[in-house]
Amino acid sequence: MTKIALHLDRFARHILGRPLYPYQLEIAAAILESVLGGYGRIFTVMMARQSGKNQISAVVEAYLLMTRRQGTIVKAAPTFTPQIINSRLRLLSMLDTPLTRKRIWTNQGYIVGLAPGSDSASLRARSGPRIMFYSASAESNVVGATADLLLEIDEAQDVDPTRFDRDFRPMASTSNATTVLYGTAWSDSTLLARQRKTNLALERRTGTRLHFEHNWLTLGAINPAYRVFVEQEIARLGDEHPAIQTQYWLRPLEEAGYLLNSMQQTLLQGEHDWEERPRPNSWYIASMDVASDAHLSASSPQKSGSAQRDSSVVTIGRICYNTMNLPSLEVVHQEWWTGMAYLDQYTAVLEMVERWGIRALVIDSTGLGAGLASLLLTRLGTERVQPFTFSRPSKSRLAYQLLSFINSGRLKLYRTDTAPATLAAECWQQLRAARYRLVPTDNLDIYVDQAVGHDDFLISLALLLDGLEHITSPAASLLVEPVQLYKDEGHF
187 MTKIALHLDR FARHILGRPL YPYQLEIAAA ILESVLGGYG RIFTVMMARQ
237 SGKNQISAVV EAYLLMTRRQ GTIVKAAPTF TPQIINSRLR LLSMLDTPLT
287 RKRIWTNQGY IVGLAPGSDS ASLRARSGPR IMFYSASAES NVVGATADLL
337 LEIDEAQDVD PTRFDRDFRP MASTSNATTV LYGTAWSDST LLARQRKTNL
387 ALERRTGTRL HFEHNWLTLG AINPAYRVFV EQEIARLGDE HPAIQTQYWL
437 RPLEEAGYLL NSMQQTLLQG EHDWEERPRP NSWYIASMDV ASDAHLSASS
487 PQKSGSAQRD SSVVTIGRIC YNTMNLPSLE VVHQEWWTGM AYLDQYTAVL
537 EMVERWGIRA LVIDSTGLGA GLASLLLTRL GTERVQPFTF SRPSKSRLAY
587 QLLSFINSGR LKLYRTDTAP ATLAAECWQQ LRAARYRLVP TDNLDIYVDQ
637 AVGHDDFLIS LALLLDGLEH ITSPAASLLV EPVQLYKDEG HF
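All residue numbers for the sequence shown refer to the working numbering, where the first residue is 187 and numbers rise by one.
Put into structure tokens, the structure is as follows:
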């Protein structure tokens, strides 16, 4: 262990009461060596979620504030709330020691300083080392700040590279301050991935360690509780889920690709039949993706859909529970309306809700769908109708949720040979053609290329899963069919 690492280990353990794991200590010591030596290195630190990168950052910040007479640290993150707020609170907690508790001063909510003494004069003077917290969002104003001790960028995979190069990197120029980019994987074009590539090339040429990367196995090997948690997440979401790949395995995703691979398509295909009417003692939910070009007058409605025009798609799913008592869905019925007037769709949906006993209906209320959603909401009430407004974050949440249910085998489509042939073919054509792309910040977009077709079935299927959040679990007797335990007559 180097002299700096040994000193830092004692500091974290005995002064702060926050000991570091060996892999954390290695990273923190490398950062401090560059700061104290004035080397101005740029480090990249990629670590799995909850494996301690924020603790490394806070310990390094506390060490510099407690050992330097002057100087400024600048720390930035994609958002002020909650990311910067959390970083600030974490540091204040770290500084809550007998040596520093009465020396802390703050200013304007984004500056934390450590006065040379605890007397009122020292606190009023607000001298001594400080850390300035900034948002790296496009709307924030950060011009003029100087980082003469350390420049830190948290969740760097979500920070615009142009923004970093223009507004943040120059802050380190006056004193050639050390820079650290923290985060996880996302795509190969992020700020963190770009600097990682540069650092690995520099390491090969100079032999100096600049990139540190630890997936979930590092902490999992020394923390059994963490290992069990991640293993459960992998079992729940599937190993190929984007969140597992990027946040735990630290593997970047391609910029764009097909949403469902062959294994996921196989998992989605169920063994149950299409249903024309509800089963007794079953619970159903529904979703509706509203066509953007539906006529406002009832002129030539087409029930069978059309490959040339956008359609409204209603999907009905039966709620089941798996062996872990997790809710699952079997899609048992779909309707496909092209060119049908909104008022006619309204009437048809009301009839379906009553006939199937729909417990929750999630409906696209974005754009032209807002009117239809409002009518249904007025008629059926908030307990049954859940309007869904599409935005980049809300659609990303749907995309992750869809993949989670597919990967864990908790979403199944009806057997195609028991459903209307044209409808089933269009549904699967869209699912096979569905693609994903990565959009800032850390969002996943799902779509079907317009040159190939539409995404009505895809979006309706994704919306269906949102309906599970709005229902109360039925009694177990409604979900579990009685099983005959003995063959002898009269014994069950």
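Every residue, glycine too, gets a C-beta built ideally from N, C-alpha and C.
Endpoints, alpha helix (DSSP H) assigned at lysine 581: 578–593
Please classify proline 668: is it buried, with 16 or more other beta-carbons within 10 angstroms of its beta-carbon, or exposed? Unreliable placement is indicated for proline 668, whose pLDDT of 49 sits below 50; no coordinate value is reported for it.
Three Cβ pairs or more, each shorter than 8 Å: is that satisfied between the segment 200–214 and the segment 374–385? no
Could you check whether isoleucine 270 and isoleucine 242 sit closer than 7 Å to each other, using their CB atoms as the reference points? no
Check the C-beta distance from threonine 476 over to serine 498 and give it rounded, since I have them as a contact under 8 Å. In the sequence on display, residue 476 carries valine and not threonine. So it is a contact: roughly 5 Å between Cβ atoms.
Starting from the Cα of serine 590, find the closest Cα among Ala407, Leu445, Ser359 and Gly223 and give me that residue. Leu445
Grab the span of the alpha helix (DSSP H) containing glycine 406 for me, first residue to last. 402–406
Can you find the residues in the same chain that come closer than 6 Å, C-beta to C-beta, to leucine 367, ignoring five residues on each side of it along the sequence? Thr230, Ile339, Ala342, Leu378 and Gln381
Evaluate the contact criterion for the segment 258–270 versus the segment 323–332: three or more CB pairs, one atom per stretch, below 8 Å. yes
Going by beta carbon distance, what residues of the same chain come within less than 7 Å of histidine 400, once the five residues before and after it are set aside? Tyr209, Met233, Ala234 and Ser237
Looking only at its chain, what residues have a beta carbon closer than 8 Å to the beta carbon of arginine 570, apart from the 5 residues adjacent to it on each side? Val539, Ile544, Arg545, Ala546 and Leu547
Contact defined as beta carbons within less than 8 Å: I believe alanine 307 pairs with arginine 289. What is the distance between those atoms, to the nearest angstrom? Rounded, the Cβ-Cβ distance is 12 Å, inconsistent with contact.
Cut-off 7 Å between Cβ atoms - residues of its own chain near lysine 239, not counting five sequence neighbours on either side: Val231, Met233 and Tyr368
Looking at arginine 596: is its Cβ nearer than 7 Å to the Cβ of serine 514? yes
If the criterion is Cβ atoms closer than 7 Å, does the pair serine 646 and threonine 501 meet it? yes
Among Glu537, Gly406 and Ala620, whose alpha-carbon lies nearest the alpha-carbon of leucine 562? Glu537
What does a CB cutoff of less than 6 Å around proline 205 pick up in its chain, not counting 5 residues either side in sequence? Ala198 and Arg199
Can you list, in chain order, the residues of its chain with a C-beta nearer than 8 Å to that of glutamine 616? Leave out the 5 residues immediately preceding and following it. Val634, Gly639, His640, Asp641, Asp642, Phe643 and Leu644
What are the boundary residues of the beta strand (DSSP E) that valine 687 is part of? Residue 687 cannot be examined here, being either before or after the span of the chain that is shown, 187 to 678.
Cβ contact (3+ pairs, closer than 8 Å) linking the segment 576–583 and the segment 621–637: yes
What residue does the alpha helix (DSSP H) around asparagine 272 start on, and which one ends it? 271–280
Does the Cβ-Cβ distance between valine 518 and leucine 599 come in under 7 Å? no
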